[in-house]
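The structure appears right after this line, and notes come after that.
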Amino acid sequence: MPYTEQGYKPKQRKHKDISKSDHEKSHQNTHQKQQQSKTKSGIKRPNNGKYTQPLKQRSNPFGAKVSDELKKEYQEKKQRKESNEDAVNQMKFLINSHSNTHKKWSAGEIEQLITLSRSSMYELSIKPDASRIIQTIIKNGDNEQRQTVLTELKPKIFDLTKDQYGHHVVKKLLKYCSKSVPSLLLELYHTHIFEMLMQKFSSDVLKTLCEFINKTQQRKLIEEVYGAQYEFLKSKSPELKTFSEVINSNDTLKNVICKDLKDKVFKILNKQHVSTNPLLAQLLIDYISCVDEKDASEVAASLREHLQQFLTLPEGPKLMKFVIIHSSAKARKGLLKECKENLISLMTDKFGHYCILYLLRHVDDKMALKKYVLDSIEAMTQKLVFDKCGIELLEFILDPLSTHFLPPSIIDPLKEKGSFTLKDDDIRFKDMLTELKPTLLDICQKEYNSLIKFKPTRRFLTVVKKSFPEETSFIIDEDLKGKKPGEENKAEELKEEKLKEPQQPLPVETDAVMKGEEVDNIQEIKKEVAEAKAEKAKEMKKKINKKGYSK
């Protein structure tokens, strides 16, 4: 609003007119109110015309009376913090210089890192940029240096397992420290297994721990999740080994154990991200062995969301079978779509290719099976033939449900036909075979010379010849035996020639042989060979220098 000698010039309004005298009165009133409020708040007006507020005195953190001891303690903390920051920067510089030069760590350099990080290893372990300092000490140090780190971090190991950066330090301790670390962790993690399975980073530590303990120790860990009732039943009848045997020994406690286990399983599966490990897989296997038919479909639906993470584990095929059996036709088709992303890696995996067998065995939708599974197998046939796991998959399609190629522990569960499948087995396997027939014959003809060299591929050729006898006239029976014609006769002739050769008399045992001069002669021969190699190397260097190459 523009200011004039008469006062503020009012705005011209359409509906209401304010007179000049009324406006002046309102302006004076507002000016007086502002001055009153400023004097009350303690604001002074200096000569320059600006308002300034008097500075308030800073409150003392130690109170009115501060002792010399508190001041000294405060200064020591401040100095310690500054020295720690300097030490961390110094250690980071040392690690970065080593990573750039790619040199090996010496014992003195590791000792320098230990002295700089002493009494602050836990604080460094949980920091994003300083955790690698402790990891390098564990990785590149000797046993004594690793033991110093372990003794300092021992009271805080359980806290480190739950930390985003600290759990990497615990994993390094497992890999590089002594054999006492797994037993130490088993004691610390006792009665905390379910809590650790729920947490992402601690579950990752459990996964690495399972690599260093045997199956019985893993079983003890997972049985802690089943509760006190399960421990009571097992202590009552120790001869029972499996989970289903123990809970079936008492019907009243069985319902209590299964109900408690159901709540825990759904807590884990309802999480957005489930981190897989052998303990969690075993927990799921034990639960699906006692689950009711009413809850089975609900469990299968929630398990299907995280199934891809478990397929490469030993428990993967059992979980795949459970999900397929207790899912609808639409859900099985969706499972095919989800498996298509990882199908190439699953076909060559030790346990993943068994999961594909369950899809081939139980899915009735011919078009969906061709689109998501058989087309990928057809494209990868040449690679699968020369792969240990892939060739078993092809042999199952050629000769299904046969124990000649796969063990009975895999084939027997596949023989169980679910009530949901309406397709006849003969039609199912015939459709798969006719789909892959042209590619199989083409690869056998093109790669025939390389296929007859190895025992598994020769076995594969015999199955192909048995399945398609008319189209496989190029496969010769003598090639499938593994030995070319005439090789056996040659071996027998060589044996006869060796027997016919006159045997030379053994040398007389002289004093020189007794004293060990023969050994000395061998050492002299070794020296001569080494000298000849050194001379050759010198000649090569001279030639390189003559050509003008840099040394």
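Using UniProt numbering, the letters of the sequence shown correspond one by one to residues 1 to 551.
Think of the CB as a built atom: it goes at the ideal place given N, C-alpha and C, for glycine as much as any other residue.
By alpha-carbon positions, which one of K271, E305 and A107 ends up nearest to E336? A quick correction: the sequence has Leu, not Glu, at residue 336. Ranking the options by Cα distance to L336, first place goes to E305.
Could you tell me how far apart the beta carbons of Y358 and K321 are, in whole angstroms, since I believe they sit closer than 8 Å? 5 Å
Let's test the definition: count the other Cβ atoms within 10 Å of the Cβ of residue 570 and tell me whether it reaches 16, buried, or not, exposed. Shown here, the chain extends from 1 to 551; a query on residue 570 therefore has no answer.
Do you know offhand how far D426's Cα is from E470's? 21 Å
Contacts around K127, its chain only, beta-carbon distance under 7 Å, and the 5 residues preceding and following it disregarded: Y165
Please report the Cβ distance between V225 and L283, rounded to the nearest whole angstrom; I am assuming they are in contact, meaning their Cβ atoms lie under 8 Å. 6 Å
Keeping to the same chain, check which residues put their C-beta closer than 7 Å to that of D431; ignore five residues upstream and five downstream. K366
Assign L406 to one of two classes, buried (16 or more other C-beta atoms within 10 Å of its C-beta) or exposed (fewer than that). buried
Going by C-alpha to C-alpha distance, which of I257, Q145 and S289 sits closest to S178? Q145
If I'm right that L253 touches L233 with Cβ under 8 Å, what's the distance once you round it to whole angstroms? 6 Å
Of the choices I397, N449 and S97, whose alpha-carbon is the least far from that of E109? S97
Determine the DSSP secondary structure at R45, reduced to helix, strand or coil. Any reading at R45 must be qualified, since the residue scores a pLDDT of 48, below 50, and its modelled position is unreliable; the value itself is stated next. In the structure shown, R45 sits in coil (DSSP, three-state: anything other than H, G, I, E or B).
Counting only the same chain and skipping the five closest in sequence on each side, list residues whose C-beta sits under 7 Å from that of E435. K370 and L374
Got a sec? Which residues, its chain only, sit under 6 Å from K541 by beta carbon, not counting five neighbours each side? none
Which stretch, first to last residue, makes up the alpha helix (DSSP H) that contains H192? Per DSSP, H192 belongs to no alpha helix (DSSP H) and is neither H nor E.
Among V323, S183 and E338, which residue has its Cα nearest to the Cα of A368? E338
Outcome for Q90 when other beta-carbon atoms lying within 10 angstroms are tallied against a minimum of 16: exposed
Relative to the alpha-carbon of S302, which residue among K267, T312, C290 and N277 has its alpha-carbon at the smallest distance? K267
Determine the extent of the alpha helix (DSSP H) in which A379 is found, giving its start and end residues. D375 to A379
Residue range of the alpha helix (DSSP H) that includes C290: P278 to C290
Do I324 and H353 have their CB atoms nearer than 7 Å? no
List the endpoints of the continuous alpha helix (DSSP H) containing H353. G352 to H362
Helix, strand or coil at H326 according to DSSP, with G and I counted as helix: coil
Distance cut-off 6 Å: H306 Cβ against heavy atoms of the ligand GTP: Among the ligands in the structure shown, none appear at all, so the ligand GTP cannot be discussed.
List in chain order: all unbroken alpha helix (DSSP H) runs of 4+ residues lying wholly within the stretch 128-200. 131-140, 143-153, 157-161, 166-176, 180-188 and 193-198
Ordered along the chain, which non-local residues of its own chain (more than five positions away) have a Cβ less than 7 Å from that of A532? none
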